[in-house]
Amino acid sequence: MSLIMLSSPHAHGGDSIRLMMFTVVLALLPAAAVSIYLFGWLAFLLIVSCMLSALLTEAVCLKMMKRPLSTLLDNSAALTGLFLALTLPATTPWWMAVLGSVFAIILGKQVYGGLGHNIFNPALSARVILLISFPLSMTTWIMPMSSAAPALNLFDFSTCATIFFHGTNALLTSSHLSLDAITMASPLGHIKTEATLGVPIADALNAYDYSYLDAFLGFEAGSIGETSALALFIGGIFLLARHSITWHIPFAYIGTVLLLAAIFNQVAPDQFATPMFHLFAGGLILCAFFMATDPVSSPVTPVGQIVFGVGCGVITWSIRSFGGYPEGAMFSVLLMNCAVPLIDHYFRPRVYGHHVDDQDMGKS
Amino acid sequence: MKIDRDQIRMVIALFVVAVIAAAVTGLTNMFTREPIANAQKAALHNALQQVLPAHANDPQMEKVTVNDTTIYPAKKANGQLTGLAWEVTAPDGYSGSIRILVGLRPDASVQAIRIIYHRETPGLGDGIVKNNDWLASFTGHGLDSRIWKVKKDGGDFDQFTGATITPRAVVKAVKGALEFFHAHHDLILERVMLAQIPANNTTKGGLH
Amino acid sequence: MNKSEIFADGFWHNNTVFAQLLGMCPLLGVTTSAENGFWMGAATVIVLIGSNLVVSLVRGIIPKNVRIPAYITIIAALVTVVEMAMNAWMHEMYLVLGLFIPLIVVNCAILGRAEAFASKNSVIDSLVDALAIGTGFTFALLLLGGVRELLGQGELFGFSVFGASYPDVLMFILPPGAFIALGFILAGVNIFNARMQQRSDERSRAANIALAALAADIAAVEVSS
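Chains H, P and S, in that order, are what the protein sequence lines are.
Numbering follows the numbering used here, in which position 246 of the first sequence is assigned residue number 590; successive positions increment by one, without gaps.
Numbering follows the numbering used here, in which position 100 of the second sequence is assigned residue number 1465; successive positions increment by one, without gaps.
Numbering follows the numbering used here, in which position 176 of the third sequence is assigned residue number 208; successive positions increment by one, without gaps.
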């Protein structure tokens, strides 16, 4: 009989999980700060409500399963809540945020048996559930505060509270704004809709007033924590420096997207966006550094992680370029999560004490 | 070679089962053929009622074919043409083709449209079925009185929040129906008026 | 087994969905509303009654080696009859259920009952079994359809339950919602069964204790007399 134990983080005690999760929360702080700078109180309310409801749901689940409530202190639920909040559009109403957190904790994590047993990244699964359940709310993007003429003052608490607690429509009826005046398409959404009309990508982006610098800094429409590539890079580098993650997944993932984008952009620049555009757009960086590297739902060996990252990259780029949805980063990570047991089967860690050559794949 | 008695029994058993099964399905087919045809007719009738102006005739009985398109005319009791309807397909929906029944008035303006089949995203593109105001925005307009595009493309028809591709496809397909009417105007009217008498050779029984 | 045992077994203890996890294809495919679930179940009940009846009638006549093709032919004929009848007299529901009606042929629950029950039992017992299995399957379809319609659209049988302001949680109408809702229903059924088992265990333990006490009393009386 061969016992193969791979996927769960067996070697970690409670404290190290807690520290690991805390490091990730720290790494997300720049992105969270930028999201509040760009989307004001809306971002603040979203982050707080997601984190609180995730913690509360976790507490209820632990109580129901008669497990010690001290597990709450491992920070994982709070982190899931924060992750989810950062992937939401600014105008998400409170109940959707809460429902998302409940889905993340229950359907994403606890039904599998809690932390360490989940197949999928909990925050991402909840995000996808929200996307297919409320497609309209999840694809309505508000202009960030930085844009040339922000229609709404997002640092005005009562405006934000109206949107957050009563919905965007309530604000529209009380003010004299139209939905079109305060919302805009995300760059990815924009080129996807224009592509169906046969508009070349460069023209579409000109009409959109797109600039690489804005996209890099985060001054564009999108999920509150995904817009700023800069803030996410800072967090990602922090994680790498602290050895919380290794370079394999993010580099393989982003590298694959860049490579595919570069090749196809050379061949047919009208139909395929540039590598830079792909890099700064949507949730690629957040997914590559933070979501795909989730230790529970990613492969254990470096080679396996590279395979995982390449898979994520191929799927992300393919969905963006050919798929029905404008953005594919979330889907790609979830799809590759399914493949992790298979990847781990073929790329097993070296058994301690054995020489690499001793070990034949499939036989141990 | 000796044939086993068991083998013969097997063949006979299967044969009998097959014959009885065939007989039962055949009989059912005999009894249900007419009701099925009627039910299909009734379903199309309902759809046609919704897109055609008031009429005294049976549009399905007087259907004619022009360029492979089956056209259902609506006429008053005195034979005056009040409307025409036919199905168009929008091949460029968000998820696959959308089939639309378009009802036109003789002056080449839209009476009403109705989506017969679609697989658009629930909550976004399926507004083409659920949004009655949007469906009504086609009524009364011909090729000249509207720019047949969604507003985002500089036209006169609303897109939906979060869904542009679906309404764009429908608008384009309805425009296509109007263009078809203009291109074959005389031929269509000629055929339709010839189909006056129900038992005419082009429309025998109205059933397939 | 008597008739009520057969029924309880088919409806609950051996329920096609809750216990055997068979017939998943129509179960997950058509249950976007309670009404769809109900009519799919009704069509299955009719086919199941017919197939159990016929298979039970011809048991012993059909040689063992060719029983499976014979059963499948019988089931296919019955499904075709039901399909044509629905097309004729329930045209709108026929259009909704569409492909899933012909797929009843390959619903393993039906061939399973023909093979496991009808081919070995009397006609009456087979009919009871068909009714039990069929209604049990319909119950599962109705339950899943109801849950999905309620959560997905805030309605039940097309009537608004949660009012117009209910935000439709579309996931439950879409395929993933079928799996998630089914998972929670199965968990609920398992909890229910476990509770029932626990209760009957406790009852039998209590009965044993009472019996022992009685026996002790009798013994004591006998000793004293």
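Cβ atoms here follow ideal geometry from the backbone N, Cα and C, with glycine treated the same way.
Every value quoted in this text rests on a predicted model; they were computed, and no experiment measured them.
Assign residue i to one of three DSSP states: helix, strand, or coil.
i: residue 633 of chain H; result: helix
i: residue 485 of chain H; result: strand
i: residue 514 of chain H; result: helix
i: residue 1368 of chain P; result: coil
i: residue 144 of chain S; result: helix
i: residue 1451 of chain P; result: strand
i: residue 642 of chain H; result: coil
i: residue 1375 of chain P; result: helix
i: residue 1464 of chain P; result: strand
i: residue 381 of chain H; result: helix
i: residue 445 of chain H; result: helix
i: residue 402 of chain H; result: helix
i: residue 152 of chain S; result: coil
i: residue 1440 of chain P; result: strand
i: residue 63 of chain S; result: coil
i: residue 191 of chain S; result: strand
i: residue 647 of chain H; result: helix
i: residue 456 of chain H; result: helix
i: residue 571 of chain H; result: coil
i: residue 1507 of chain P; result: strand
i: residue 232 of chain S; result: helix
i: residue 91 of chain S; result: coil
i: residue 473 of chain H; result: helix
i: residue 466 of chain H; result: helix
Here's a check: name, in chain order, each residue in its chain whose Cβ is nearer than 7 Å to the Cβ of residue i, leaving out the five neighbours to either side.
i: residue 93 of chain S; result: none
i: residue 165 of chain S; result: 42, 48, 80, 141, 145
i: residue 1440 of chain P; result: 1420, 1421, 1422, 1446, 1447
i: residue 1462 of chain P; result: 1454, 1455, 1456
i: residue 393 of chain H; result: 438, 441, 442
i: residue 201 of chain S; result: 183, 184
i: residue 482 of chain H; result: 433, 474, 475
Measure the C-alpha to C-alpha separation of residue i and residue j and round it to an integer number of angstroms.
i: residue 1383 of chain P; j: residue 156 of chain S; result: 25 Å
i: residue 168 of chain S; j: residue 459 of chain H; result: 37 Å
i: residue 1545 of chain P; j: residue 1416 of chain P; result: 17 Å
i: residue 651 of chain H; j: residue 660 of chain H; result: 14 Å
i: residue 687 of chain H; j: residue 464 of chain H; result: 15 Å
i: residue 1465 of chain P; j: residue 1430 of chain P; result: 17 Å
i: residue 193 of chain S; j: residue 183 of chain S; result: 10 Å
i: residue 426 of chain H; j: residue 173 of chain S; result: 38 Å
i: residue 170 of chain S; j: residue 1503 of chain P; result: 43 Å
i: residue 1513 of chain P; j: residue 1397 of chain P; result: 44 Å
i: residue 375 of chain H; j: residue 575 of chain H; result: 5 Å
i: residue 83 of chain S; j: residue 132 of chain S; result: 18 Å
i: residue 528 of chain H; j: residue 564 of chain H; result: 9 Å
i: residue 496 of chain H; j: residue 1499 of chain P; result: 29 Å
i: residue 431 of chain H; j: residue 1482 of chain P; result: 34 Å
Starting from the C-beta of residue i, find all residues in its chain whose C-beta is less than 6 Å away, skip the five residues before and the five after it, and write them out in chain order.
i: residue 470 of chain H; result: 428, 444, 447, 448, 452
i: residue 424 of chain H; result: 398, 448, 466, 467
i: residue 358 of chain H; result: Interpretation of residue 358 of chain H is limited by its pLDDT of 48, a score under 50 that renders its predicted location unreliable; no figure is taken from the coordinates.
i: residue 437 of chain H; result: 511
i: residue 629 of chain H; result: 573, 576
Which same chain residues, not among the five before or five after residue i, have their C-beta less than 8 Å away from its C-beta?
i: residue 17 of chain S; result: Any property of residue 17 of chain S remains undetermined from this structure, which presents chain S solely from 33 to 257.
i: residue 1564 of chain P; result: Note on residue 1564 of chain P: pLDDT 44, under 50, position unreliable in the model; no value is reported.
i: residue 614 of chain H; result: 544, 545, 546
i: residue 1369 of chain P; result: none
Against residue i, what residues of chain S qualify as contacts under a CB-to-CB distance less than 7 Å, listed in chain order?
i: residue 477 of chain H; result: 201, 202, 203
i: residue 1492 of chain P; result: Simply none; closest approach about 13 Å.
Against residue i, what residues of chain H qualify as contacts under a CB-to-CB distance less than 9 Å, listed in chain order?
i: residue 206 of chain S; result: 476, 477
Just the chain H side, please: which residues come within less than 8 Å of residue i by C-beta, in chain order?
i: residue 212 of chain S; result: 451
i: residue 1518 of chain P; result: 541
Please compile the residues from chain S whose C-beta is within a distance smaller than 9 Å of the C-beta of residue i.
i: residue 1389 of chain P; result: 109, 110, 112, 113
Residues of chain S with CB under 8 Å from residue i, in chain order?
i: residue 1393 of chain P; result: 112, 113, 116, 117
Residues of chain H with a CB under 7 Å from the CB of residue i: which are they?
i: residue 1460 of chain P; result: 668
What does residue i touch in chain P if you count any residue whose Cβ is under 9 Å from its own?
i: residue 81 of chain S; result: Simply none; closest approach about 15 Å.
Could you tell me whether any non-hydrogen atom of the ligand MG is closer than 6 Å to the CB of residue i?
i: residue 107 of chain S; result: The model depicted lacks the ligand MG and carries no ligand whatsoever.
Contact between the segment 666-683 of chain H and the segment 463-483 of chain H: three or more CB pairs below 8 Å?
yes
Measuring CB atoms only, is the segment 167-185 of chain S touching the segment 56-70 of chain S, in the sense that at least three cross pairs come out at less than 8 Å?
yes
For the 8 Å Cβ check, are there 3 or more pairs between the segment 376-387 of chain H and the segment 567-583 of chain H?
yes
For the pair the segment 1474-1494 of chain P and the segment 1528-1542 of chain P, tell me if three or more CB-CB distances fall below 8 Å.
yes
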